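To keep things clear, I will list the structure first and then write my remarks on it.
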Amino acid sequence: MAFKKLNILSYILLILFFGIGSGNAQTSRAIEDSLREQKGVRNFPVEEYFQNIQIHSITIDSRGLVYFAQAHGIVEFDGIEWRMISVPDSAEVNALAVNSDGRIYGGGENIFGYLYVDDAGNTKFQSLVESLSSPFNDTIIEIKTFGDIVYFIGFKTIIKYSDETVEIVGRGNFLSAGFLGNTLIVSDQDHGLLYIDEIGNMTPISTKEARVIRAQKMKALSPQQLLISTRSSGFFTAQIEENALALVPWGEPRDPNLRQASISSIDVFNDKLVALGSFQDGLFLTNLEGQIVQKYSAENGLLNNYVFNVFFTQSGSLWAGLDEGTSLIKIPQELTKVNVATTVVAENFAPEDTTSTEKGFFAWIKSAYNESLGGWFSEKQNEEEKSNASLDKTADVFAAIVRKVEYTPTDSVIFGGAFSETRGGVQVLDQSDSTNFEFDYDFNAFRFSYSTNNYEDIEGLQYQVRLDGLDHSWSKLSNNTYREYTNLSWGEYVFLVRAQDVEGNLSRSASFSFSISPPWYESTWFYLLQFTALLMALVVSGILNKTGKAISLSEALIAVVVIVIFQYVDFYIDPYLDEYSDGIAVFKIGISIVFGFSLEFIEELFHKIVAKLTGLENIEPDVEDGLLESETNSIKEHNEMKISTNNN
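Be aware that the sequence shown starts at 7, since it is given in my numbering, and climbs by one per residue.
In structure tokens:
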């Protein structure tokens, strides 16, 4: 039996030796990137989407992805890839805005609605036109939000969307709109400034100035001040004085061209900067008093001088929607720095009542309001809500994002790059517990594409990835923006990616969880069947030993059971051998040999189990003794037969 045990051990060692180095996943990566940057201005002249097209509106979702309104729909940009989000009839989209829930609304020629995430993670456009009781024939030019209330401003109509109800609240010849506090002020070509009262009626503002002025663009400097640009009369701020609306001239521009510039868009960043886009003169940055602090044009890096929209990011960078492209301007930090000492985190503040910093979104504390600071606060929040806010609840600004997951054999898209907490919800960074991706065992080759919400240093970004369930550590830093895995075995996996910027700062990690179902031969019922077969083999071995017949077959059955069990043990501990041997072959061989010799006791154990089951004292009878005893008995029987014959 020692010879038989050596055969089993030799077989085990051969399995260990030839199994070393096997693997079941391959990876490959690639990237392509080309952008222009000059004097802090990065230009994106993307011909595929912006040739002969103007960008009329820009906004950003809760993840930091950028959206552009253009002539054929909405374009989404993640720093690497541009994607078209189609709208009905490929209608022109003129306006985009985000409400307090993070949902993006869009409107344009005979269309208005919002973006949502479908079950496959794709961002889609949901039209609200069908919610109106009569046909809609107007062009949306602006969208204004306050909390969860959305106003779509058209040339002829104003539509209010709240609590999933759509209603027309105003008709006229409208030019623009903006919030003064929580009141929507509207500029009408025929009647001047109007406002929507508490019951939703359009009401003219009675002052003479309000009836005369025609506001081309409006933007809140604070809940107490609304900045207004006019075609030929310059700028004004609208504010409440002695229960009446007062219009006060704004600014003393050093550049005489500013007063004559045709203003296309206004945006405000914190308590510091006002951005003014113009149709032919580039864009201007001013302080809150209207003094120019910086001008951007084609001469100092801007793609061109035709600016249709301006939009500040959370970090203080400025997107400019231009003719045939867009530009991202990195504003000097000294112009955008905000003092957070007198602020609290704003979780439920209306979008126009908040300020954003590198530490998150904030709203000014009422008790800390100071006229000289230009500070402001949201009057809608009660003191308890303000006192419960904390600087510890800041949002991550720099985050990695999983943008797409594809099945590589067919290049079919499995996941479109957007998670949502609820079905049909808004875009969020993290995968919800209810979002499950489960694939068949032969569906095991994937390509993961990823990016970040950092658009200022795209060339300097590097990424690390890790596939939990396969990898034991992060990959090396690389500027590749996708990773492929093939021949994945069944099990549960989590793909992780994080980015590092040029200063060495690591981003917030992004993840994508999925599972691969086991094949039928790895299912529970098949394992039970195998266990039953092994148990039956031991029982048969015991019966053969008990009867004293086919001893070799009995020993062979035990050997088969030992080998099968070893194969399973080797399969499951192999990843740990890789980990503890640190990838060094000689260490793994040594560990494997030790493991192989240590398994010899399993055979002894099964012999004892069979002996106990059969009641035999020695389950390993000596073969030679057995043969000798058999021969002795035969001789004895022969002699007895011979004696019996003689007696007869």
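All C-beta atoms, glycine included, are put in the ideal place defined by N, C-alpha and C.
Every value quoted in this text rests on a predicted model; they were computed, and no experiment measured them.
Same chain only: Cβ atoms within 7 angstroms of residue i, ignoring 5 sequence neighbours per side
| i | result |
| --- | --- |
| V419 | K410, E412 |
| A267 | S284, D287 |
| I579 | none |
| L559 | L550 |
| L379 | The pLDDT assigned to L379 is 27, lower than 50, so where the model puts this residue is not dependable; a value taken from the coordinates is nonetheless given after this. Correct list, in chain order: D277. |
| Y740 | Outside the displayed span of the chain (7 to 654) sits residue 740, for which this structure offers no information. |
| V570 | L540 |
Residue closest to residue i, alpha-carbon to alpha-carbon, out of the options
| i | options | result |
| --- | --- | --- |
| F577 | L502, S495, L535 | S495 |
| S212 | G206, G198, N276 | G198 |
| T151 | L282, D196, L102, V434 | L102 |
| I298 | K278, T414, S92 | K278 |
| Y120 | Q300, I149, F83, F537 | I149 |
| G70 | F317, A183, I174, H78 | F317 |
| L435 | F421, V408, I91, L483 | V408 |
| A126 | Y302, S426, E215 | S426 |
| T414 | V403, R489, F404 | R489 |
| Q231 | S271, L541, V52, P255 | P255 |
| S140 | E173, I155, I147 | E173 |
| Q222 | K166, I147, H478 | I147 |
| N310 | S137, E330, G322 | E330 |
| N49 | E462, T553, S547, V503 | E462 |
| S655 | N450, G114, N207 | Here the chain covers residues 7 to 654 and nothing more, so residue 655 does not appear. |
| Y527 | S521, F518, S519, F537 | F537 |
| L138 | D124, S182, T163, I571 | T163 |
| W480 | V313, T487, F501, E465 | F501 |
| G79 | Y574, W325, E87, G114 | G114 |
| P262 | G296, F445, T65, V546 | G296 |
| F131 | V93, F161, D144, I159 | V93 |
| E87 | H478, E561, S484, N459 | N459 |
| L467 | E248, K45, G85 | G85 |
Neighbourhood of residue i by C-beta distance below 6 angstroms, restricted to the same chain and skipping five residues each side
| i | result |
| --- | --- |
| P525 | Y447 |
| P627 | Only weak support is given to the placement of P627: the predicted model assigns it a pLDDT of 47, under 50, and the value that follows is read from those uncertain coordinates. Cβ neighbours of P627 beyond the five flanking positions: none. |
| Y3 | The question about residue 3 has no answer here: the residues shown for the chain are numbered 7 through 654. |
| F74 | I61, I64, V81 |
| A516 | A406, I407, V408, V503 |
Buried/exposed call for residue i, threshold 16 Cβ in 10 Å
| i | result |
| --- | --- |
| D439 | exposed |
| M224 | buried |
| L634 | With a pLDDT of only 42 at L634, under the threshold of 50, the placement of this residue in the model should not be trusted, and no figure is reported. |
| D169 | exposed |
| R109 | buried |
| T129 | buried |
| N493 | exposed |
| Q339 | exposed |
| D474 | exposed |
| D631 | With a pLDDT of only 45 at D631, under 50, the local geometry of the prediction cannot be trusted, and the value read off the model is given with reservation. So D631 ends up on the exposed side. |
| L190 | buried |
| R429 | exposed |
| V432 | buried |
| R472 | buried |
| Y167 | buried |
| Y122 | buried |
| Y469 | buried |
Residue range of the unbroken alpha helix (DSSP H) whose run includes residue i
| i | result |
| --- | --- |
| L341 | 339-342 |
| F56 | 53-56 |
Own chain residues within Cβ distance below 8 angstroms of residue i, not counting five before or after
| i | result |
| --- | --- |
| I219 | S193, G198, L199, I234, T236, S239, F242, L253 |
| T209 | L200, Y201, I202, D203 |
| Q76 | Y55, F56, I59, Q60, I61, H62, E98, V99 |
| K176 | A quick correction: the sequence has Gly, not Lys, at residue 176. Closer than 8 angstroms at the Cβ level, and outside the excluded window around G176, lie T163, I164, V192, L200, I202, M208. |
| I272 | K223, M224, K225, L233, S235, V280, A281, L282, G283, V316 |
Beta strand (DSSP E) segment containing residue i, residue limits
| i | result |
| --- | --- |
| L6 | What is shown of the chain runs 7 to 654, which leaves residue 6 out entirely. |
| I335 | 331-335 |
| W88 | 88-91 |
| D273 | 269-275 |
| V254 | 250-255 |
| I298 | 298-302 |
| S235 | 231-236 |
| T458 | 452-458 |
| T163 | 163-168 |
| S481 | That residue, S481, is in no beta strand (DSSP E); it is neither H nor E in DSSP. |
| G160 | 155-160 |
| E115 | First-last for E115: undefined, no H or E at that position. |
| T292 | 289-292 |
| V471 | 468-474 |
Min CB distance residue i to chain B below 7 angstroms
| i | result |
| --- | --- |
| L264 | Checking the listed chains, one finds no chain B in this structure; it contains a single protein chain. |
Sequence ranges, beta strand (DSSP E) only - wholly within the stretch 182-222, length at least 3
189-194, 198-202, 208-210
Which whole runs of the alpha helix (DSSP H) in the stretch 488-564 are 4 residues long or more, in chain order?
530-553
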